[in-house]
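*Asks:*
There are 4 protein chains.
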Amino acid sequence: MSTTVKSKVIGIDIGVKNTTIAVVDLRGTILAKDYLSTTDYPYINDYAEALSERIVMLAEANGGYEAVRSVGVSVASANYVTGCIENAANMPWKGVVPLVALLRDRVGLAVAVGNDAHATAMGEYVYGAAHGMNNFMVISMGHGGLGSCFFSDGQPHLGHHGFAGELGHCCVEDHGRRCTCGREGCLEEYASARGLVRTARELLAASDAPSQLRALDELTPEVIAQCCEADDEIAKEAFSRMGFQLGLGLANYATLINPEAVILTGEMNIFSKWFLPALEQSFDEHVFQNIRNHVKLLVSDMDNNERDVLGASALAWTVKEYSLFK
Amino acid sequence: MSTTVKSKVIGIDIGVKNTTIAVVDLRGTILAKDYLSTTDYPYINDYAEALSERIVMLAEANGGYEAVRSVGVSVASANYVTGCIENAANMPWKGVVPLVALLRDRVGLAVAVGNDAHATAMGEYVYGAAHGMNNFMVISMGHGGLGSCFFSDGQPHLGHHGFAGELGHCCVEDHGRRCTCGREGCLEEYASARGLVRTARELLAASDAPSQLRALDELTPEVIAQCCEADDEIAKEAFSRMGFQLGLGLANYATLINPEAVILTGEMNIFSKWFLPALEQSFDEHVFQNIRNHVKLLVSDMDNNERDVLGASALAWTVKEYSLFK
Amino acid sequence: MSTTVKSKVIGIDIGVKNTTIAVVDLRGTILAKDYLSTTDYPYINDYAEALSERIVMLAEANGGYEAVRSVGVSVASANYVTGCIENAANMPWKGVVPLVALLRDRVGLAVAVGNDAHATAMGEYVYGAAHGMNNFMVISMGHGGLGSCFFSDGQPHLGHHGFAGELGHCCVEDHGRRCTCGREGCLEEYASARGLVRTARELLAASDAPSQLRALDELTPEVIAQCCEADDEIAKEAFSRMGFQLGLGLANYATLINPEAVILTGEMNIFSKWFLPALEQSFDEHVFQNIRNHVKLLVSDMDNNERDVLGASALAWTVKEYSLFK
Amino acid sequence: MSTTVKSKVIGIDIGVKNTTIAVVDLRGTILAKDYLSTTDYPYINDYAEALSERIVMLAEANGGYEAVRSVGVSVASANYVTGCIENAANMPWKGVVPLVALLRDRVGLAVAVGNDAHATAMGEYVYGAAHGMNNFMVISMGHGGLGSCFFSDGQPHLGHHGFAGELGHCCVEDHGRRCTCGREGCLEEYASARGLVRTARELLAASDAPSQLRALDELTPEVIAQCCEADDEIAKEAFSRMGFQLGLGLANYATLINPEAVILTGEMNIFSKWFLPALEQSFDEHVFQNIRNHVKLLVSDMDNNERDVLGASALAWTVKEYSLFK
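Chains as they are written, first to last, in the working numbering: chain L, 330 to 655; chain V, 330 to 655; chain P, 330 to 655; chain B, 330 to 655.
Pasting the structure below:
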């Protein structure tokens, strides 16, 4: 009989550029961190090898296998059900990558993977704004795209194959903007960093109203927000339209889910000042009457640097302990 | 200690015109039926009184309280969570009607209520096309409107207040057709008996192409379908547009839920021949690629006369047994 | 998109001597049956081969793969979690037998296995005395031994490794009778066909009271029950002691679980007349006061010939559909 | 729409003598504490009034109703399902006390109650040794008695009426020691502070072996443990017998539940040095072979002063938010 309680997990955030590896205790305290360049490893085996080394080193420096229970990974296009990264658009590794198997065999610990939205939702549920809620939606507005994960009766709804929550690929305009996914009119092309910039460009092209944006070579959410601060009408309109489209998309989503709360997370949150008013107005206008005024709209206050690894650590606790020797 | 197994429930379908009361055994066999006119009782207390009498008579004729376990009711705008009919558009009784309390106190049995879509989904899960599925969507296309209920991990997702699944009130066209709910652009105004007729009228007004529909005083799904049989282009186009809009709405829904199946039920199903091809094409075109070709689109083959009381009986089994004397 | 609903499953009961294979529809109607001798196949591969052939033949005769969804198997010592028969005492195949893998690869359908008690409990939940209950205990009193399965909140409790419910191997007497499992004092040695016979023998040896049992070469539950009919005191005492021990065991079990009902199933049920009074008295005496008089003690009225294959068919619906081609 | 996240709850431990009230954040940090004498209020209404005042004061001092979400209470004989204290043996208030209703109406916040074992298990699940486990047993060995709570598939198993887990009232000896509950042979009379003292007295009476215990007027676990330190054979034997009986009881329990871990908590834990070796040996000897060596036996390392209010705070998060104004 064992008498040791394993009270730590490894939470990993695989970003497009960098990978963050953290040791997290069961109350969400980050005890140690390490980093790896994601882009240095065009071959997944090399990456898995390098990442496993870092995991083992970090585990050993923090109590070893006696103290560390399991590993959770947040990465774009990951599927919790299959344990694979599946056709990630922005990652170096194409096709279906069996990340759980690759890591578990090397590290000797149970591993869970989830996409950004799933991991973020787990983090908000365990350590954040969704604590105590059973039915809620988490909207993940990263630079890369627009994801979501909702909880049904206290559990993340993953769907039959683990693909649920693809809010960014709901069609909001028939034959609308061409999306990176190949289809047209996806919400992501309107309500994301990319969509915001497209909207700004369209607005600039559609009128000759003066705008500081005209002088800029490259448009980004950051510079558009700066122009908003200078009261630039086109910049403000671009954010408003994003808020409108997202508000409509969330209204339909909420009409289907009837959540206790809609929680906005992700890097785009820092611009919420500019899109939230239009989002709220559009949400109220489009959501079914039973639900209007009965949904909390929350902007996550979780630290951007902690959110992903905390969410990944929450995933880590959901897998059964695993040992080669049992 | 009791040694009797209660093997029957009462399933009730409260329709706009008629109420059907059935005794159903645990394998879904309807053992006896009785009827009541819904419209005869403008006051809910009178209705509850009359319905309770019928329930008690039917129970006593089928084994009595030793054999009958509980009561389930399918009725528009019912909320399983609160036990109330909440602001039903087409029922004689306005506002919030505490139907569970009204019946339970009179009948002395546990009572569950659910709206059409919820009851239908329970019926499909227990006795129909969804048996064995954990994640699926049931679309209820009645004459009155368009409802839905999806299951998450083997349980109906009811949402924080019990209002989930209002597919008919998802906005599919900003500033679109005015809906009975007061808002604009609700899917129900395009994909329902009412929506179909509106579309046909718009098509007739927009061209002067010949159509048998022009000669008719009143348009209904039935006559439009008859004209389809006669190869009437406008009639066929009306159904196609309904299929297109519903296909788009279901594609977005499925992109969020990732169901094993989408199951079409309800009175409009008999016309599926005319709208299903456009629905399928639109669904395929608009659903996220991960999900396309991985969702079963099923048309329920459950008998229209049995579906609602069977669904209601399935609801009956979900409540705890209740007795005044325990 | 598929538009076919798979409405049948294969339910299989692997008994010590015979295997029964049945096609069961989703309302629990047995549509067809076939049989196989279990003992003819000392090697598991031969058995799996022969069984698979029968499954395929039966499936093809009943609608084929378009209609048949999956396979469920009830067999002693099966573990639903691992899909294996694990160290069955009375089966021809020793050690750990990966039955799910052996059948699935041959048959091309999803397969579930469960031990007798698990399958029986599923059958009672879906088609029998436990329908509508969320927390209940099913006690399986076969000739071979004493098993159990309880439901927690509407789901069978299988435990961390799938071994839960081993009521027969709870110790009721420190250093008591030697059990086939190697330990001493297991309840199975007192409350089973084998235990009953041991008790009768002990009673015969302990006194010289007259008894018809003394003239018999072989004691069985059947002959002991026959002697009870003839008012044989020792025969009646043997059943009473079995009832007493089982009542005590169930009282402790119910004190831990607080079930809505305790449901007795299995071949020994036909003798319940002789052990149930003592069982009830002992249960009432030993169960915690909060629970006494609040538990239904039910004797299953499910047909012995149907029970196992119905339970197996209920298991079949719990696995995800599987196809080599998806 | 609200944009505030409620990140604190009130956790309350109602002990026989004292009541502790704490503000706990969602990561389990105790932010503030207050105390109340339990025994000062022989009438429950007075107690509820006084307690509510303290709750409101503490809430207001820690962010008010904007920040405090709900209240959780750990108290002997509380039933989460009914919200009542039910016939507590050691509390000043007899019969059934509707504590949830009494507090909620006064405080205006949602309130949950659970008995010691339930609250402790929630605490271990969220903040302690059971984090990440789905199936485990928590054994609560307080001075007052012996309780337990097990989790099934990630949820506490409460049973049909909320009474599950009464390990202390499992009968371990037919016609054994008279229990405070009125029955005989309850495990609590052998494996608790009271049981230990009874055993020591029996051992002293049964022999005239020398023992320091003979000189003492009053026996307590503390003095018996002190004698163990002095190598007193009778003191050591008393603890050993307690370990043996508890090991047997836990072995039967684990044979039914198949837990990942058995976690010992409560005030008696400080004496585990003296009873754990016998407990482990007895457990190994009596547990079913499939489970032996596959269960972690863990002694909780949660701080005794924090355990109960943390467990109560974990309960607080399980209830829906409540407001008089929604």
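Just so you know, even glycine gets a beta-carbon here, dropped at the ideal spot from N, CA and C. Source: prediction; values computed, not measured.
Note down, in chain order, all residues in the region 480 to 504 of chain B with a beta-carbon under 8 Å from any beta-carbon belonging to chain P.
*Replies:* S481, D482, Q484, H486, L487, G488, H489, H490, G491, F492, A493, G494, E495, L496, H498, C499, C500, D503
*Asks:* Could you tell me the alpha carbon to alpha carbon distance between P/V334 and P/M571, rounded to whole angstroms?
*Replies:* 48 Å
*Asks:* Return no unless some Cβ of chain V is closer than 9 Å to the Cβ of P/K602.
*Replies:* No, because no Cβ of chain V sits closer than 9 Å to the Cβ of P/K602.
*Asks:* Does L/E395 pass the burial test, meaning 16 or more other C-beta atoms within 10 Å, or should it be called exposed?
*Replies:* exposed
*Asks:* Check the DSSP bridge columns for B/R507 and list the partner residues they point to.
*Replies:* Answer is B/E513.
*Asks:* Answer yes or no: do B/V591 and B/L627 have a C-beta to C-beta separation smaller than 9 Å?
*Replies:* yes
*Asks:* In angstroms with no decimal places, state the Cα-to-Cα distance between L/D369 and P/T411.
*Replies:* 40 Å
*Asks:* Got a sec? Which residues, its chain only, sit under 8 Å from B/N347 by beta carbon, not counting five neighbours each side?
*Replies:* Y364, L365, S366, T367
*Asks:* Mind checking whether B/A564 and B/L542 have CB atoms under 9 Å apart?
*Replies:* Yes, they are a contact pair.
*Asks:* Just verifying my parser: in three-state terms, what is the DSSP assignment at P/R398?
*Replies:* strand
*Asks:* Curious, which full-length alpha helix (DSSP H) runs of at least 4 residues does the region 552 to 622 of chain L contain?
*Replies:* 562 to 586, 601 to 615
*Asks:* Of all the residues that make up the region 571 to 605 of chain V, which are near chain L by a beta-carbon distance shorter than 7 Å?
*Replies:* L577, A580, N581, Y582, T584, L585, I586, N587, P588, E589
*Asks:* Buried or exposed: where does P/P371 fall if 16 or more other Cβ atoms within 10 Å of its Cβ makes it buried?
*Replies:* exposed
*Asks:* Which residue comes first and which comes last in the alpha helix (DSSP H) that contains P/T449?
*Replies:* 445 to 456
*Asks:* So, at 7 Å on beta carbons, what are the nonlocal neighbours of V/G392 in its own chain, with the 5 sequence-adjacent residues on each side left out?
*Replies:* K337
*Asks:* Report the three-state DSSP secondary structure of B/V352 (helix, strand or coil).
*Replies:* strand
*Asks:* Please state if the CB of L/L644 and the CB of V/A493 are separated by a distance shorter than 9 Å.
*Replies:* In this structure, L/L644 does not lie closer than 9 Å to V/A493 by Cβ.
*Asks:* If you follow the beta strand (DSSP E) that P/A493 is part of, which residue opens it and which one closes it?
*Replies:* Segment: none, P/A493 is in no beta strand (DSSP E) and carries neither H nor E.
*Asks:* Beta-carbon within less than 6 Å of P/K625's beta-carbon, same chain only, minus the 5 sequence neighbours each way: which residues are those?
*Replies:* A590
*Asks:* Is it buried or exposed, L/I599, if we count other Cβ atoms within 10 angstroms and call 16 or more buried?
*Replies:* exposed
*Asks:* Within 9 Å of any Cβ in chain B, is that where the Cβ of L/N463 sits?
*Replies:* yes
*Asks:* Whose CA, out of B/G471, B/H490, B/M462, lies closest to the CA of B/F479?
*Replies:* Out of B/G471, B/H490, B/M462, B/M462 has the C-alpha closest to the C-alpha of B/F479.
*Asks:* How big is the Cα-Cα spacing for L/A567 and L/E551?
*Replies:* 13 Å
*Asks:* What three-state label does DSSP hand L/K655 in the structure shown?
*Replies:* Confidence is the limiting factor: at L/K655 the pLDDT is only 44, short of 50, which leaves the residue's position unreliable and the question unanswerable from this model.
*Asks:* Using DSSP with H/G/I as helix, E/B as strand and the rest coil, what is P/N374?
*Replies:* helix
*Asks:* Would you give the residue range spanned by the alpha helix (DSSP H) that B/E635 belongs to?
*Replies:* 633 to 645
*Asks:* Given that a residue counts as buried once 16 or more other Cβ atoms are within 10 Å of its Cβ, and exposed if not, what is V/L605?
*Replies:* buried
*Asks:* Are any of the Cβ atoms in chain B nearer than 9 Å to that of P/H460?
*Replies:* no
*Asks:* Buried or exposed, going by whether 16 or more other CB atoms sit within 10 Å of the CB of V/D546?
*Replies:* exposed
*Asks:* According to the neighbour-count rule (16 or more other Cβ atoms, all chains shown, within 10 Å of its Cβ), is B/N464 buried or exposed?
*Replies:* Per the 10 Å Cβ criterion, buried.
*Asks:* Could you tell me whether the Cβ of V/E395 comes closer than 9 Å to any Cβ of chain L?
*Replies:* No, V/E395 lies away from the interface with chain L (no Cβ there is under 9 Å from its Cβ).
*Asks:* Please identify the residue among L/G471, L/R512, L/L475 whose C-alpha is closest to the C-alpha of V/H615.
*Replies:* L/R512
*Asks:* Return the CA-CA distance between L/L431 and L/G488, expressed in angstroms with no decimal places.
*Replies:* 24 Å
*Asks:* Buried or exposed: where does L/D637 fall if 16 or more other Cβ atoms within 10 Å of its Cβ makes it buried?
*Replies:* Flag for L/D637 reads buried.
*Asks:* Going by Cα to Cα distance, which pick from P/D445, P/L533, P/A361 is closest to P/V404?
*Replies:* Sorting P/D445, P/L533, P/A361 by C-alpha distance to the C-alpha of P/V404 places P/D445 at the top.
*Asks:* For V/T549 and V/L533, what's the separation of their Cα atoms in angstroms?
*Replies:* Computed Cα separation, rounded: 14 Å.
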